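Mapped onto our numbering, the consecutive letters of the sequence shown carry residue numbers 596 to 699. Glycine included, each C-beta is placed from N, C-alpha and C at the ideal position. Model, not experiment: these values are computed from the prediction. Written below as structure tokens is the structure these notes are about.
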Amino acid sequence: MSQFQLAAASGGGGSILGLVGPFVLMFVVFYFLLIRPQQKKTKARNGMLKSLKKGDKVVTIGGLHGTIMEISDDIVVLRVNDVTRLTFDRGSISHAVVEVEDKD
596 MSQFQLAAAS GGGGSILGLV GPFVLMFVVF YFLLIRPQQK KTKARNGMLK
646 SLKKGDKVVT IGGLHGTIME ISDDIVVLRV NDVTRLTFDR GSISHAVVEV
696 EDKD
């Protein structure tokens with residue numbers, strides 16, 4: 596055997612583990628720092644969108660504040676003022692506004 600073949604045969608297994616290990620470690624770090632928090636945020640947003648009901652005050656992604664007048668599986672009709680009603684996709688709702696009662 597040549598010197599190259601002896602070196603490849605003796606150190607081949609350790610070098611593969613040495614190459615794969617950092618990639619596995621990077622994936623684990625990316626999973627816990629990026630992927631998992633994004634999945635939690637998506638799950639919370641979908642739960643909020645499913646729990647919307649008539650009369651809820653919401654804010655759209657564009658910043659429009661309104662009250663839900665009608666709601667279906669994918670369409671939301673918001674009352675912006677006494678006269679104006681606008682139709683949006685359900686996914687365009689950013690968040691629901693929670694009103695805090697003052698106890699004076």
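Check whether the Cβ atoms of residue i and residue j sit closer than 8 Å, and answer yes or no.
| i | j | result |
| --- | --- | --- |
| I666 | K648 | yes |
| L659 | V678 | no |
| T637 | F683 | no |
| A691 | M643 | yes |
Round the Cβ separation of residue i and residue j to the nearest angstrom and send it over; I've been treating them as touching at under 8 Å.
| i | j | result |
| --- | --- | --- |
| V745 | R680 | Past the boundaries of the shown model lies residue 745; the chain is included only from 596 to 699, so the question cannot be answered. |
Please determine, among the options, the residue with the shortest C-alpha to C-alpha distance to residue i.
| i | options | result |
| --- | --- | --- |
| S689 | N676, L628 and N641 | N641 |
| G650 | I663, V624 and S610 | I663 |
Quiz item: Which ranges would you report for the beta strand (DSSP E) in the region 602 to 679 if only whole runs of at least 3 residues count?
Solution: 652 to 655, 660 to 666 and 670 to 674
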